[in-house]
Amino acid sequence: MKKKALCRNIGEIVTKALLYEVTAGVKPGLVDRFNTGSHTDMDIFTFIDSTCAIGRFFEDFANIGYEWENLSPSCLLSIRPLGIECEKTMFAATNGINTHKGAVFSMSIISACAAYCYKIYGKIETDTLCDSCSKILGNIANDFKNLENKEKLTHGEKLYLKYGTMGIRGEALSGFKSVRKYALSEIKKLDNPIYKKEEVLINTLLALIVNVEDTNILARSDIQTMNLASAVAADCLKLGGAYTDKGKKAILNADKLFCELNISHGGCADLLAVTIALYFLSKI
447 MKKKALCRNI GEIVTKALLY EVTAGVKPGL VDRFNTGSHT DMDIFTFIDS
497 TCAIGRFFED FANIGYEWEN LSPSCLLSIR PLGIECEKTM FAATNGINTH
547 KGAVFSMSII SACAAYCYKI YGKIETDTLC DSCSKILGNI ANDFKNLENK
597 EKLTHGEKLY LKYGTMGIRG EALSGFKSVR KYALSEIKKL DNPIYKKEEV
647 LINTLLALIV NVEDTNILAR SDIQTMNLAS AVAADCLKLG GAYTDKGKKA
697 ILNADKLFCE LNISHGGCAD LLAVTIALYF LSKI
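Reading the sequence shown from the start, the letters are residues 447 to 730 in our numbering.
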């Protein structure tokens, strides 16, 4: 596949992954086509507006990655200016609402590394792609150094000091370890016609909720609430999740509970989109 077609394909896949994520429902506490979850400032149309605005950038990220000669932390610096522009475009499209900031970070890296991997290997193998993402993030831990002396901290920095978690930056630095360990095996059921796509997406999300420390929840509440949400998601999966009637009823009850407690797994939603993107990129 030639560069132009490859980068366009990568951009389309990432955009599709973002749309799959927000459309699937019911996702407990999250925005989907059925309700707005624990959010009062956004709905599915906010996400559609945002996705349409930023979708064109992922082809551009891929174009940058295709030109890399090798992988190093300098590669991350090469895509950061475009990432900042992409973020600004998102906020302009949503009137200042943060719909995709975490996704822009992860998907910009994935798009660029996917193009690089295809150029070098002639295919986009998931483990190789994720390892490539980890390599260019080698210096990202420096973002969390000497925070005690910093006057104004971001939400992510405050959570790092309190809980030691690095959020989406840590997930990407690990080569999306949580996605590979807990989500990819489930998302591959999209290949099986006996499962509905939506069911697969919801159960993949539940698997992430059970196993991932979601900084979005920690920012809105505390670690006890996060552990409660993980236990609720685990109970849903024990009943079959979206694949069974009992599981679907449990998911609806979880959605009600999460909304009452202001729980929103925004980080897991981003990782669901990452999982979807990795699944389709591996098929190029």
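Note that beta-carbon positions come from the ideal geometry of N, C-alpha and C, so glycine has one too. Just so it is clear, the structure is predicted and the values come from calculations on it, not from any experiment.
Outcome for residue i when other beta-carbon atoms lying within 10 angstroms are tallied against a minimum of 16
{"i": "Ile518", "result": "Residue identity differs from the one stated: residue 518 is Ser in this sequence, not Ile. So Ser518 ends up on the exposed side."}
{"i": "Phe491", "result": "exposed"}
{"i": "Thr650", "result": "buried"}
{"i": "Gly475", "result": "buried"}
{"i": "Glu515", "result": "exposed"}
{"i": "Lys448", "result": "exposed"}
{"i": "Asn638", "result": "exposed"}
{"i": "Asn509", "result": "buried"}
{"i": "Asn455", "result": "buried"}
{"i": "Glu706", "result": "exposed"}
{"i": "Leu523", "result": "exposed"}
{"i": "Glu617", "result": "buried"}
{"i": "Phe669", "result": "The identity of residue 669 in the sequence shown is Ile, whereas the question assumes Phe. Under this definition Ile669 is an exposed residue."}
{"i": "Glu531", "result": "exposed"}
{"i": "Ala696", "result": "buried"}
Proximity to residue i [Cα-Cα], best of the options
{"i": "Ile556", "options": "Thr540, Val460, His485", "result": "Val460"}
{"i": "Thr690", "options": "Ser710, Ala561, Glu644, Leu619", "result": "Glu644"}
{"i": "Leu630", "options": "Asp573, Ile640, Leu674", "result": "Asp573"}
{"i": "Ile687", "options": "Met488, Ala463, Val646", "result": "The question names Ile, yet the displayed sequence has Gly at residue 687. Ranking Met488, Ala463, Val646 by Cα distance to Gly687 puts Val646 first."}
{"i": "Glu505", "options": "Leu636, Leu619, Ala560", "result": "Ala560"}
{"i": "Leu619", "options": "Ser676, Pro639, Gly584", "result": "Gly584"}
{"i": "Ser484", "options": "Ser728, Ala700, Leu727", "result": "Ala700"}
{"i": "Lys694", "options": "Lys450, Gly471, Gly457", "result": "Gly471"}
{"i": "Thr545", "options": "Gly568, Tyr512, Glu467, Lys627", "result": "Glu467"}
{"i": "Leu703", "options": "Val477, Ala675, Arg666, Gly511", "result": "Ala675"}
{"i": "Ala538", "options": "Cys682, Ala499, Gly712", "result": "Ala499"}
{"i": "Arg666", "options": "Phe726, Gly713, Tyr562, Asp681", "result": "Gly713"}
{"i": "Ser552", "options": "Gly529, Lys569, Met536", "result": "Gly529"}
Start and end residues, alpha helix (DSSP H) containing residue i
{"i": "Arg479", "result": "Here Arg479 belongs to no alpha helix (DSSP H), and DSSP marks it neither H nor E."}
{"i": "Phe503", "result": "490-512"}
{"i": "Arg626", "result": "Counting along the chain, Arg626 falls outside any alpha helix (DSSP H), and DSSP gives it neither H nor E."}
{"i": "Gly693", "result": "691-706"}
{"i": "Leu636", "result": "Per DSSP, Leu636 belongs to no alpha helix (DSSP H) and is neither H nor E."}
{"i": "Glu644", "result": "643-657"}
{"i": "Gly457", "result": "449-469"}
{"i": "Val678", "result": "669-684"}
{"i": "Leu717", "result": "712-727"}
{"i": "Ser520", "result": "519-539"}
{"i": "Thr572", "result": "572-582"}
{"i": "Phe661", "result": "Before going on, a small fix: residue 661 reads as Thr here, not Phe. Taken as a continuous stretch (DSSP letters only), the alpha helix (DSSP H) holding Thr661 covers 661-666."}
{"i": "Ile566", "result": "547-567"}
{"i": "Ala618", "result": "613-619"}
Cβ neighbours of residue i in the same chain (closer than 6 Å, five flanking residues each side left out)
{"i": "Gly501", "result": "Thr461"}
{"i": "Arg615", "result": "Ile586"}
{"i": "Ala679", "result": "Leu652, Ile655, Val656"}
{"i": "Cys521", "result": "Trp514, Ile582"}
{"i": "Thr469", "result": "Arg479"}
{"i": "Ser632", "result": "Before going on, a small fix: residue 632 reads as Glu here, not Ser. Excluding sequence neighbours, Glu632 sits near Asn649, Thr650, Ala653."}
{"i": "Phe726", "result": "Ile459"}
{"i": "Lys565", "result": "Tyr512"}
Residues near residue i in its chain [Cβ-Cβ closer than 7 Å; skip 5 each side]
{"i": "Glu533", "result": "Lys547, Val550"}
{"i": "Val625", "result": "Leu717, Val720, Thr721, Leu724"}
{"i": "Ile543", "result": "Asp487, Met488, Thr492"}
{"i": "Lys635", "result": "Tyr641, Val646"}
{"i": "Thr432", "result": "In this structure the chain extends from 447 to 730, so residue 432 is not present and cannot be described."}
{"i": "Leu465", "result": "Thr497"}
{"i": "Leu685", "result": "Lys692, Gly693, Ala696"}
{"i": "Ser728", "result": "Ile570, Glu571, Thr572"}
{"i": "Ile494", "result": "none"}
Residue i at chain B interface by Cβ criterion, 8 Å
{"i": "Leu707", "result": "Included in the structure is just one protein chain, with no chain B present."}
Sequence-distant residues of its chain with Cβ nearer than 8 Å to residue i (five each side left out)
{"i": "Thr611", "result": "Leu605, Glu659, Thr661, Leu664"}
{"i": "Leu698", "result": "Val472"}
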